[in-house]
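One structure below.
Residue numbers (the working numbering): 10 to 130.
Below, the structure written as structure tokens:
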């Protein structure tokens, strides 16, 4: 068995690292090319993570409804027990959370209690 000269060991390791690095880059490139080709062939569509809010209605009078996701402050104030302050709280919650998904979510709005929400339902 021969001993390696002091500078040769470093050169040998550089060569081995270079080979593995090149193989890794080539593998990643090939993988990306295959993924791109497959997604282009399959008609890739991005996944929508959050569903868009559905209309959430509350009755004002018989036959009329107010959509919590689209109503103005004046329309919200027509609801029983909703004044300007609670109307602004609904608008702030709607902006912060992207709208209401179900009517019972109104319980999470600041200034609303269980009794008020049950009275509206």
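Backbone N, C-alpha and C define an ideal beta-carbon position, used for all residues, glycine too.
Starting from residue i, trace the beta strand (DSSP E) both ways and give me its first and last residue.
i          : result
residue 75 : 74 to 76
Straight-line CA distance for residue i to residue j?
i           : j           : result
residue 6   : residue 40  : Only positions 10 to 130 of the chain appear in the structure, and residue 6 is not among them; the question remains open.
residue 102 : residue 112 : 13 angstroms
residue 129 : residue 90  : 8 angstroms
residue 123 : residue 114 : 11 angstroms
residue 42  : residue 31  : 16 angstroms
residue 75  : residue 85  : 7 angstroms
Reducing DSSP to helix, strand and coil, say where residue i ends up.
i           : result
residue 97  : helix
residue 111 : coil
residue 35  : helix
Identify the continuous alpha helix (DSSP H) that holds residue i and give its terminal residues.
i           : result
residue 87  : It is not in any alpha helix (DSSP H) - residue 87 carries neither H nor E in the DSSP assignment.
residue 119 : Premise fails: residue 119 is in no alpha helix (DSSP H) and is neither H nor E.
residue 125 : 123 to 129
Any idea if residue i is buried or exposed, counting beta-carbon neighbours within 10 angstroms, 16 or more meaning buried?
i          : result
residue 96 : buried
residue 80 : buried
residue 34 : exposed
residue 26 : exposed
Under a CB-based cut-off of 9 angstroms, is residue i close to chain C?
i           : result
residue 117 : Note that chain C does not occur in the displayed structure, where there is just one protein chain.
Which residues in the same chain have their Cβ closer than 8 angstroms to the Cβ of residue i, if we skip the five residues on either side of it in sequence?
i          : result
residue 93 : 82 and 86
Please determine whether the Cβ atom of residue i lies at a distance below 8 angstroms from any heavy atom of the ligand SAH.
i          : result
residue 77 : No copy of the ligand SAH occurs in the structure displayed, which carries no ligand at all.
Going along the chain, which residues of its own chain have a beta-carbon closer than 7 angstroms to the beta-carbon of residue i, five neighbours each way excluded?
i           : result
residue 118 : 98, 99 and 102
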